[in-house]
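So in this note's numbering, spot 64 of the sequence shown is number 69, and the numbers just go up one at a time.
Note that the Cβ used here is the ideal one computed from N, Cα and C, for glycine as well.
From a predicted model like this one, the values you see are computed outputs, not experimental measurements.
Structure first, commentary second.
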Amino acid sequence: MKKRKKNPAGGKRPKQIAAPEAPTQTPGDIQPSRRRFLNRIWLILAAIGVVEFGVMLIHFFRPRKPQAGLPEAKTRITVGRISDFRPGSVTAYPQGRFYLVCLEDGGFMALSRQCTHLGCTVPWDAENQQFACPCHASVFDITGGVINAPAPRPLDRFPVTIENEWVHVDFGQRIRRGQFRDDQVVYAKNDNE
Ligand code: FES
6 MKKRKKNPAG
16 GKRPKQIAAP
26 EAPTQTPGDI
36 QPSRRRFLNR
46 IWLILAAIGV
56 VEFGVMLIHF
66 FRPRKPQAGL
76 PEAKTRITVG
86 RISDFRPGSV
96 TAYPQGRFYL
106 VCLEDGGFMA
116 LSRQCTHLGC
126 TVPWDAENQQ
136 FACPCHASVF
146 DITGGVINAP
156 APRPLDRFPV
166 TIENEWVHVD
176 FGQRIRRGQF
186 RDDQVVYAKN
196 DNE
């Protein structure tokens, strides 16, 4: 006759605990509420995105007022000493979109690189000492005066000042002109245009 093994825990066998009841909700019941919750989150995030985008647009298109006490955008630059420029030379300043012209008599002019016909960039032709527009063949002399149409007027100019041997150009102030005049040229002894 076989002997029954004793329970190592001693004594009585533990009662069998009933397995927990299966949840009455099926996955199909849970998912819709979770989906609703996620949809709400997405809606909130989308709304925040739309608001942020709107604020960004408003900032982008709103005209900016200069703040009191802060300097305005710097458009006046120092281009060099008088002695840096050879008489009869033309020096390009692409960042300011102008040429600094040093005339044979030592006078200075700052001329726009934009053709006054339709706005093409006009290169300096050092060999022929003239600005020749590649678009429709307008030609300008070293002072920006029109030699060849269709350009309707001389190249625009920018104010030049000379202070203590240093030459400055304000490329923020474009000046239109109908013709070349002597008072458009700036000399060392004349600080203001
Ligand atoms: S744009 Fe220069 S000639 Fe037309």
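- Listed in chain order, the alpha helix (DSSP H) elements of length 4 or more contained wholly in the region 79-158 amount to none.
- Bounds of any beta strand (DSSP E) do not take in V191, whose DSSP letter is neither H nor E.
- For E168, the enclosing beta strand (DSSP E) starts and ends at V165 to E168.
- Excluding the 5 residues flanking it on each side, P92 has same chain C-beta neighbours closer than 8 Å at C107, L108, E109, D110 and G111, in chain order.
- It is roughly 16 Å from the alpha-carbon of V127 to the alpha-carbon of M114.
- Taking V144 as the centre and dropping the five residues before and after it, the same chain places the C-beta of Q135, A137, I152 and N153 closer than 6 Å to its C-beta, in chain order.
- Separation of the CB atoms of R162 and Q184 is rounded to 12 Å, and the pair is thereby denied contact status at 8 Å.
- Counting only residues of its own chain and dropping the five nearest sequence neighbours on each side, T96 has a CB closer than 7 Å to the CB of F90, Y104 and L105.
- Our two residues, T148 and D187, have alpha carbons roughly 10 Å apart in a direct line.
- Shown here, D187 sits in a helix according to DSSP, grouped into three states.
- Between R81 and the set I167, R181 and R182, the nearest pair of CA atoms involves I167.
- Sequence-distant Cβ neighbours of I87 in its own chain, meaning closer than 7 Å and more than five residues away, are I167, E170, V172 and A193.
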